[in-house]
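Number of protein chains: 2
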Amino acid sequence: MTDFTLDPTLAKDTAHVEDWALCRVLLMNDAQYPWLILVPARPNLRDFHDLAPADMALASSEITCASRALQSLFDPVKLNVAALGNMVPQLHLHVIARFTDDATWPKPVWGVRPAEPYEEAALASRLGDLREAFSRL
Amino acid sequence: MTDFTLDPTLAKDTAHVEDWALCRVLLMNDAQYPWLILVPARPNLRDFHDLAPADMALASSEITCASRALQSLFDPVKLNVAALGNMVPQLHLHVIARFTDDATWPKPVWGVRPAEPYEEAALASRLGDLREAFSRL
Chain A
1 MTDFTLDPTL AKDTAHVEDW ALCRVLLMND AQYPWLILVP ARPNLRDFHD
51 LAPADMALAS SEITCASRAL QSLFDPVKLN VAALGNMVPQ LHLHVIARFT
101 DDATWPKPVW GVRPAEPYEE AALASRLGDL REAFSRL
Chain G
1001 MTDFTLDPTL AKDTAHVEDW ALCRVLLMND AQYPWLILVP ARPNLRDFHD
1051 LAPADMALAS SEITCASRAL QSLFDPVKLN VAALGNMVPQ LHLHVIARFT
1101 DDATWPKPVW GVRPAEPYEE AALASRLGDL REAFSRL
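Residue numbers (my numbering), protein chains in the order written: chain A, 1 to 137; chain G, 1001 to 1137.
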């Protein structure tokens, strides 16, 4: 894990949820969508295929955990999973719960609307719910 | 493989490249971006985490193959990998080569500009290049 430093833009835009075997799990500070970001805690990764094979297996399993937690908490109509990185080159995996009545459905969420940060109590409550859902997996 | 039928919208918008162990490999008929779509040939999949564990490993490895082929052919600045499915619910994985001078950089490609279909000769040439790149992996 040495030499891994979280990108400052990702750090600024998110709240820390917990750390898994591979990924740092972050909640995007945007109350419009239940939106997790998984950042593999390895140095110098840019693209999904930069992951070593064992880490790729971990990443798939952690995407599944994040997806199942969002599914159990929010019952979304669709999970959007993506590694884009056009703005922030450090490899990070979006896992986003989508609903037919959310702010940008059926468009992707990126770059369409400004983030709406959580109120402090709502953020604490959301983080608690996520940690509890993860502990049940 | 029984009971798998390619979604008609995916069929209409793409050209068939080849079939791999898990996925049908398609080229999006949009000359603005080198854009592959991998469709796991299993029935009734919607989200990435619906894949069985063995298929998830195959999917990761096939995403890697698609990414490496695009990298070797086009030397993009970034690969965008995503399972969205808000418009077409059948699970499909986008692997898109991105460039700082492409039509929508740094935005995601979905829903921003209408597709620009390949000319017939350009499509045949692109399919040939892809199959050759895959055969070298």
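All C-beta atoms, glycine included, are put in the ideal place defined by N, C-alpha and C.
Predicted model, so just to flag it, every value in this text is computed and none were measured.
#### Entry: Every unbroken alpha helix (DSSP H) within the segment 61-137 of chain A, with a cutoff of 4 residues, ordered by chain
Look at the segment 61-137 of chain A and you find these whole runs of alpha helix (DSSP H), each 4 residues long or longer: 120-136.
### Message
Strictly below 8 Å CB to CB, what residues from chain G border R68 (chain A)?
### Response
On the first sequence, residue 68 (chain A) is found 68 positions in, with the first residue counted as 1. Result: H1049.
### Message
Is it buried or exposed, S60 (chain A), if we count other Cβ atoms within 10 angstroms and call 16 or more buried?
### Response
For the purposes of this step, residue 60 (chain A) is taken as residue 60 along the first sequence, with counting starting at 1. The residue is buried, with at least 16 neighbouring Cβ atoms inside 10 Å.
### Inter-residue CB distance, L130 (chain A) and V39 (chain A) (contact presumed, cutoff 8 Å)
One-based indexing of the first sequence puts residue 130 (chain A) at position 130. One-based indexing of the first sequence puts residue 39 (chain A) at position 39. The pair is not a contact, with the Cβ atoms about 15 Å apart (cut-off 8 Å).
#### Entry: Below-8 Å beta-carbon distance, S1072 (chain G) vs any chain A residue
Within the second sequence, numbered from 1, the residue matching residue 1072 (chain G) stands at position 72. Chain A, which has no Cβ nearer than 8 Å to the Cβ of S1072 (chain G), makes this no.
### Task
Return the residue from the list G:R1126, G:T1064, G:W1035 and G:A1082 that minimises the CA-CA distance to P108 (chain A).
Along the first sequence, read from residue 1 onward, the residue named residue 108 (chain A) stands at position 108. Among G:R1126, G:T1064, G:W1035 and G:A1082, the Cα nearest to that of P108 (chain A) belongs to G:A1082.
### Query
Thinking just about the alpha-carbon of each residue, which of A:F4, A:T14, A:D13 and A:R68 is nearest to the one in L79 (chain A)?
Numbered from its first residue, the first sequence carries residue 79 (chain A) at position 79. Ranking the options by Cα distance to L79 (chain A), first place goes to A:R68.
### Query
Cα separation between F74 (chain A) and R1046 (chain G)?
Position 74 of the first sequence, counted from the start, is the residue given in the question as residue 74 (chain A). Position 46 of the second sequence, counted from the start, is the residue given in the question as residue 1046 (chain G). Approximately 17 Å between the Cα atoms of the pair.
### Query
For L84 (chain A) and chain G, any beta-carbon pair shorter than 8 Å?
Counting from one through the first sequence, the residue named residue 84 (chain A) turns up at place 84. Among the residues facing chain G, L84 (chain A) is included, as its CB has a counterpart in that chain under 8 Å away.
### Range of the contiguous beta strand (DSSP E) that encloses T1014 (chain G)
Your numbering for residue 1014 (chain G) matches position 14 in the second sequence. T1014 to D1019 is the span of the beta strand (DSSP E), which, as asked, contains T1014 (chain G).
### Task
Could you check which residue in A:Q32, A:A11 and A:D50 has the C-alpha nearest to that of V112 (chain A)?
In the first sequence, residue 112 (chain A) corresponds to position 112, counting from 1. Taking only the C-alpha atoms, the option nearest V112 (chain A) is A:Q32.
#### Entry: For P40 (chain A): DSSP bridge partner residues
Here residue 40 (chain A) refers to the residue found at position 40 of the first sequence. As DSSP reads the structure, P40 (chain A) sits in a beta bridge with A:C23.
### Task
Could you list which residues in chain A have their beta carbon closer than 8 Å to that of M1028 (chain G), in chain order?
The residue labelled residue 1028 (chain G) in the question sits at position 28 within the second sequence. For the C-beta of M1028 (chain G), not a single chain A residue is nearer than 8 Å; the gap to the nearest is close to 15 Å.
### Task
Could you list which residues in chain A have their beta carbon closer than 8 Å to that of I1063 (chain G), in chain order?
Along the second sequence, read from residue 1 onward, the residue named residue 1063 (chain G) stands at position 63. Below the 8 Å Cβ cutoff, chain A contributes F48 and H49 as neighbours of I1063 (chain G), in chain order.
### Query
How many Å lie between L91 (chain A) and F1099 (chain G) at the Cα?
Sequence index remark: in the first sequence, residue 91 (chain A) carries index 91 (1-based). Sequence index remark: in the second sequence, residue 1099 (chain G) carries index 99 (1-based). Distance between the alpha carbons of L91 (chain A) and F1099 (chain G) is about 17 Å.
### Task
Identify which residue in A:A57, A:W35 and A:I63 has its Cα closest to the Cα of D1050 (chain G).
Position 50 of the second sequence holds residue 1050 (chain G). In terms of CA proximity to D1050 (chain G), A:I63 leads the group A:A57, A:W35 and A:I63.
#### Entry: Proximal residues to D1007 (chain G) (C-beta, below 6 Å), its chain only, five neighbours per side dropped
As a first step, residue 1007 (chain G) is located in the second sequence; it is residue number 7 there, counting from the start. Excluding residues within five positions, the ones whose Cβ falls inside 6 Å are V1088 and Q1090.
### Query
Quick one: is L44 (chain A) buried, meaning 16 or more other Cβ sit within 10 Å of its Cβ, or exposed?
Your numbering for residue 44 (chain A) matches position 44 in the first sequence. Position check: residue 44 (chain A) holds Asn in this sequence, whereas Leu was assumed. The residue in question, N44 (chain A), is exposed, as its Cβ has fewer than 16 Cβ neighbours within 10 Å.
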